[in-house]
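This report refers to the structure that appears directly beneath it.
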Amino acid sequence: MDPSSKAGEFDVVIVGGGPVGLLMAYQLQRFGVTACVVEQYEKEAQDGYGRAIALFPRTSEQLDQLDLIDPMLQLGFACRTSVTYKNGERVIPGRVWTFMENIRDTAYDFTLVLRQMYTEEIFRQKLNEVGASYYQATECVDFAVDETATPDGYAVTSTFTDRKTQKTFKLKSKYLVGADGGKSFVRRHAGIPFEGDTSEDKWIRIDGLVETDMPLNRSYGAIESKTHGNVLWAPLDHGATRIGYAYTPEIAKKYPGGVTEEVAIKEALEGMKPFKVEFKEVHWWTLYTIGQRMAKTFAIKDCIFLCGDAAHTHSSGAAQGLNTGIHDAVNLGWKLALTIRGITKPSVLKTYSTERTTAVEKLINYDKDISLLMTHKWPAWYKGDPEADPYLVLGDIFEKAASFNTGLGISYPDNVLNQAAMVPVAAAPGSRPPDVDLTTPGTNRATRLQRITLNTGTFWTIVFTGTINSTSPLLKTLAGFLEGEGKPLRSHIANSWVTISPSVGCSPYEALGMKPFGNMYYDNTGDAHEKFGIAMDKGAVVVLRPDGLVATAGPIEGSWLKEYFSTVLV
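Counting from 1, position 93 in the sequence shown corresponds to residue 85 in my numbering; the numbering is continuous, with no gaps.
In structure tokens form, the structure reads like this:
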């Protein structure tokens, strides 16, 4: 399909049709703005399998809230166990991947292993369903920003070349997103420095169908080797397996002619000793150099943004690459959409770069240590016994970073979105709230908070009533405020309401003694109130951002809501 034959104007043009670019476009279209994805390769023919494989719990939660996770669950491998082997013996307790066995307080208490090829296929299908434009074999060769354009004008003019016909055409957009990988054209053309370094360390990854005598071969594994580093053994979708190892200078000397598939297989078998491994099929393999780099900023000129590998690159040691890119896309998607629709103030969009750079800096700092230790080397800061086992330190780092690895503990600092709570709550503003169990009226069927508060590009204001009902002046005060001075908040297009009450009845109205705020769900056991840290005799109101993080919280009378939303909404 020739994009030059279609409408030449979009709200957002996204350069790069990998999973991050596809997810970005899907969200934008879902949230009511027009998006176009332009990919320079023919994706079905590029890297048939390979690349990213592991989706951790917070990533799965985010995809669930965007109605994307179900087809991925049908194809993926749900991994809940890990194993560490040294000299053929199982190490107990294990190291590195043991955090997978201790995931709590989420419906996604596992790592979803799904090769990137399948993830992209699902995202492309979903993108087609929402009607976003998608073009392959089309390369971005230039873009320029009109500094005089109005705030809602099409400030960016991008130039593309159809790689099949060599025809050149232009697209105009309000915003341009670079999701075009580590060698990002968008980043380079925007003049954004890519700071960091590349080491001399190289790793090999090889996927395929294997047979082995390793006892626990469908668990996420770490095989501790002095010659091949901390060898990765990852069970994949469709019964396949990935083996990953360090391609050290000592190994490289054995192959002056370079690395071939035969070499990759041979050294994988060496690294797995004393276990026997036989490849029945090889699906994909790669040799790559380790490094950590981050763009100096993820946004420039208020209309050019970077996501995923275009914004940051790091080793695959902690398997965070795609997870981090998805977190970028989710963070930016709703902010862009609500800005374009004129719903949120410009200061909201500016939080994208500051929030995500904060998270990525943490990842890169500990990825430097992880990648060295996995290669059986010591970081520069290590002053201990050089003859000690680096894998002991590696295991300690993974254990301490467990909440970061799963994504469940990632949080952002205070800003215009994340404002200090005025009542005690367990989850601080800028962090993930507990995904509590609730009951649906009538059917009494179980549901979850995250399934109720889907990411539809709206804030969610949740009224936890506690033991308060219509006889209390507090609920009456909130209702009165929302019928009077706060009436615009109740009906605002970017604000949805939910009531959570421990009172149970034949109808929400009778259980509460009044009309609830939005849909109501029962907290039969009081567990939801307890996990949120909300006192039963006082209740509270908690505001969630569209991406599901806590924005702020306050007393149930609610007049403070006006002040919060006046800083966020237009």
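The beta-carbon is built from N, C-alpha and C at its ideal position, and this holds for glycine as well.
Remark: three or more beta-carbon pairs, one from each stretch, lie closer than 8 Å, so the segment 522 to 536 and the segment 418 to 427 are flagged as touching. DSSP places W89 outside any beta strand (DSSP E), giving it a letter other than H or E.
Here S52 carries a helix assignment [DSSP, helix/strand/coil]. Closest option to A214, judged by alpha-carbon separation, among T278, F524 and F91: F91. Assignment of beta-bridge partners to C295 by DSSP yields no partner. DSSP, read as helix, strand or coil, puts G317 in helix.
Taken through DSSP and simplified to helix, strand or coil, G376 comes out as coil. Following the DSSP letters along the chain, one finds M512 in no alpha helix (DSSP H) but inside the beta strand (DSSP E) bounded by residues N511 to Y514. Around the C-beta of R96, fewer than 16 other C-beta atoms lie within 10 Å, and the residue is accordingly described as exposed. Contact between S165 and V4 holds: their C-beta atoms lie close to 6 Å from each other, under 8 Å.
When DSSP assignments are scanned along the segment 172 to 205, the uninterrupted stretches of alpha helix (DSSP H) that are 4 or more residues long and fall wholly within it turn out to be 177 to 181.
Taking the C-beta atoms as reference points, V496 is found no nearer than 7 Å to P421. Between the segment 544 to 551 and the segment 455 to 471, the count of C-beta pairs closer than 8 Å reaches three or more; the two stretches touch.
According to the DSSP assignment, A287 belongs to the beta strand (DSSP E) that extends over V269 to A287. Note on geometry: alpha-carbon atoms of H230 and F69 lie some 8 Å from one another. Closest option to P405, judged by alpha-carbon separation, among L446, W373, T350 and V148: T350. Around L298, the same chain offers G170, R179, A287 and F290 as residues with beta carbons nearer than 6 Å, after the five sequence neighbours per side are excluded. Here the alpha carbon of D361 sits roughly 10 Å from the alpha carbon of Y374.
Distance from the CA atom of L330 to the CA atom of S499, rounded to whole angstroms, is 34 Å. Fewer than three beta-carbon pairs drawn from the segment 172 to 188 and the segment 216 to 228 are found closer than 8 Å, and the two stretches are therefore not classed as touching. Inclusion of C71 and Y237 in the CB contact set at 7 Å is not warranted, their separation being larger than that value. Using a Cβ distance threshold of 7 Å, F267 and V417 do not count as a contacting pair.
Here E353 is exposed, its C-beta having fewer than 16 other C-beta atoms within 10 Å.
Cβ-Cβ distances below 6 Å link L58 to N447 in the same chain, with the five nearest sequence neighbours on each side left out; the list follows chain order.
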